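One structure is given here, and the rest of the page talks about it.
Residue numbers (our numbering): 17 to 494.
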């Protein structure tokens, strides 16, 4: 039974409606929220609870009955104001020590906001569909005339003998190629944004892919008088499973940027296998240049859509600001990440990792992990010194001795600020640790990047770390 008198309640200033009622269903207490929301300026005492919640309480002869059981369960009901207007409410009724308390929250605003949110969501999805269709149609319409111009120019090129006309035709062809790149970027960005981008997993030649990328960029890079070096670690397998086209797309973008922003010096591409599982391999790519560099405060802008470091960069060098944003999303789709290290005026190094599947055909043939014979490769410092040929296995006594010698020469080169020799000795150290444990390989990579950026603080710490690791990671002297 419910008490006749409610006494004092500590509910006056709470935000939800609080009503207490007696055995006759008559309200004995109302708080400020109840009076305000229900429109009873003089209070609700003596009002039948069923007048406020007619769907939850009704009279039964001289008594009353609750439609819903008392307890902590919340019920959606309709609350009526004094002027007989109504609103939805979440209500629960509890009975404790004979006291009946009805607690309710006005959910009209919540329902309104929920409907508004759902409507906004539907409108946003519809707008996204319209935008995606528009972008697809526009890019298709743009591609048709661009390809038409490009095709006509290619037919005219072999026929033209005048140098000036030939130069102009070549310029038109190059402009068409750049226009196609912009169109492809816009289309890729639209697909990624709409969540409709999918990777095509298939078997491909990793070495062949690197050869293709190198051949695609070598001409333009050397035309600017820049050196171009490519290094492929012996651990990189011949074949793998993944989306070759998208890896090439990322490399093309990074190398094109390196060529665009570098006037003097060199550009390097390095590929290393950094980790593997039963079915997958992690590949680590580094693209370094000696170009204009980027200040630390501006580096966070690089991977944002439609963003350039500043407006003058866009005016001077061109670009939509989409390329690196697309690269980041593609790399993340392939299970990796992309990072940048740079210093103003000293160049930039982009590094990214991707996961690819092991080659199933080679696995089936050998029944074990793919073994790739080392291939001739270009490196920063030319041919490796003779001691490397006798110390190829990491952890042996000749290997440890060669490492210590090259580390000493590296330290001396850094102290003398002979960065060309420092890079040569660093490359030798990298090759001496090609089959080292992962923590050693990563320490070598970090040290190599610090040397390329001439960062004395990181070089000093990197050498100490590498010394500690190589002194404790030694293998059998066999």
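C-beta atoms are modelled at their ideal positions from N, C-alpha and C, and glycine is treated no differently. In this text, all values refer to a predicted model and were calculated from it rather than measured experimentally.
Tell me, please, whether the segment 464-479 touches the segment 354-363 by the rule of three or more beta-carbon pairs shorter than 8 Å. The segment 464-479, when compared against the segment 354-363, does touch it at the 8 Å Cβ threshold.
8 Å Cβ cutoff met for residue 296 and residue 352: No, the pair does not count as a contact, with Cβ atoms beyond the cut-off.
Same chain, Cβ closer than 6 Å to residue 216, neighbours up to 5 away in sequence not counted: In its chain, beyond the 5 residues on either side, 259 have a beta carbon closer than 6 Å to the beta carbon of residue 216.
Whole-number beta carbon distance between residue 34 and residue 124, since they are thought to touch under 8 Å: No, residue 124 and residue 34 are not in contact; Cβ-Cβ is about 18 Å, not under 8 Å.
Which residue's Cα is closest to the Cα of residue 362: 191, 278, 72 and 182? If we check each option's Cα against that of residue 362, 278 comes out closest.
Check whether the Cβ atoms of residue 43 and residue 31 lie closer than 8 Å to each other. No Cβ-Cβ contact shorter than 8 Å links residue 43 with residue 31.
Measuring CB to CB, does residue 482 end up less than 8 Å from residue 461? Residue 482 is not a Cβ neighbour of residue 461, given a cutoff of 8 Å.
Rank 64, 342 and 268 by C-alpha distance to the C-alpha of residue 302 and give the top, closest one. Comparing C-alpha distances from residue 302 to each of 64, 342 and 268 shows the shortest one belongs to 268.
Contained beta strand (DSSP E) runs [length at least 3] in the segment 226-270, N- to C-terminal order: Secondary structure remark: continuous beta strand (DSSP E) runs of at least 3 residues inside the segment 226-270, in chain order: 243-248 and 255-258.
Rounded to whole angstroms, what is the Cα-Cα separation between residue 26 and residue 342? Each residue's Cα considered, the two are about 58 Å apart.
Using a Cβ distance threshold of 8 Å, determine whether the segment 97-113 contacts the segment 72-87, with at least three qualifying pairs required. Segments in contact, yes.
Straight-line CA distance for residue 176 to residue 185? Approximately 9 Å between the Cα atoms of the pair.
Tell me whether residue 292 sits in a helix, a strand or coil according to DSSP, three-state version. Here DSSP, grouped into helix, strand and coil, assigns residue 292 to strand.
Residue 93 burial status per 10 Å Cβ neighbour count (16 or more: buried): Classification for residue 93: buried.
Residues in its own chain within less than 8 Å of residue 220 by CB, not counting five upstream and five downstream? Only residues of its own chain outside the window of five on either side were considered, and among them 255, 256, 257, 258 and 260 have a CB closer than 8 Å to the CB of residue 220, listed in chain order.
Buried or exposed, going by whether 16 or more other CB atoms sit within 10 Å of the CB of residue 29? Burial call: exposed.
Run through DSSP, which three-state label would residue 452 get? DSSP places residue 452 in coil when its eight states are reduced to three.
Let me know if residue 62 comes out buried or exposed under the rule of 16 or more other beta-carbons within 10 Å of its beta-carbon. Under the 10 Å beta carbon count, residue 62 is surrounded by fewer than 16 other beta carbons and is classified as exposed.
Coarse secondary structure for residue 480, derived from DSSP in three states: Helix, per DSSP.
Give me the Cα-Cα distance between residue 233 and residue 190, rounded to the nearest whole angstrom. Between residue 233 and residue 190, the C-alpha separation is close to 14 Å.
Should residue 480 be labelled buried (16 or more other beta-carbon atoms within 10 Å of its own) or exposed? Exposed: under 16 other Cβ atoms inside 10 Å.
Do you know whose CA, among 424, 67 and 168, lies nearest residue 101's CA? Ranking the options by Cα distance to residue 101, first place goes to 67.
Can you check which of these residues, 64, 91, 85 and 89, is closest to residue 79 by C-alpha distance? Closest option to residue 79, Cα to Cα, is 64.
Closest Cα partner of residue 193 within the set 172, 167, 182 and 171: Here the closest residue by C-alpha is 167.
Could you name the residues of the same chain whose beta carbon sits closer than 8 Å to that of residue 347, not counting the 5 residues immediately before and after it, in chain order? Sequence-distant partners of residue 347 (beyond 5 residues in either direction) whose C-beta falls short of 8 Å from its own C-beta, in its chain, are 266, 353, 354, 368, 369 and 370.
Distance check for residue 307 and residue 163, CA to CA, integer angstroms please. Roughly 33 Å separates the two Cα atoms.
Using only alpha-carbon positions, find the residue among 242, 246 and 222 that is nearest to residue 230. Considering only alpha carbons, the answer is 246.
Is residue 72 helix, strand or coil by DSSP? Three-state result, residue 72: coil.
State the CB to CB distance for the pair residue 429 and residue 438, rounded to an integer number of angstroms; the pair is presumed to be in contact (CB under 8 Å). Right, the Cβ-Cβ distance comes to about 4 Å (below 8 Å), so this counts as a contact.
Rounded straight-line distance, which links the Cα of residue 422 to that of residue 414: Cα to Cα, the separation comes out at about 12 Å.
Give the single residue among 89, 290, 198 and 91 whose Cα lies nearest to the Cα of residue 451. It is 290.
Between the Cα of residue 281 and those of 292, 272, 271 and 305, spot the shortest distance and give me the residue it belongs to. Residue 281 has its Cα closest to that of 305, out of 292, 272, 271 and 305.
C-beta contact flag for residue 286 and residue 292 at 8 Å: No Cβ-Cβ contact shorter than 8 Å links residue 286 with residue 292.
Given this structure, state the Cα-to-Cα distance separating residue 226 from residue 139, to the nearest angstrom. For residue 226 and residue 139, the gap between their C-alpha atoms comes out near 45 Å.
For residue 103, which residues in the same chain have their Cβ closer than 7 Å to its Cβ, ignoring the five residues on either side in sequence? Apart from the 5 residues on each side of it in sequence, residue 103 sits with its Cβ closer than 7 Å to the Cβ of 95, 122 and 124 in its chain, given in chain order.
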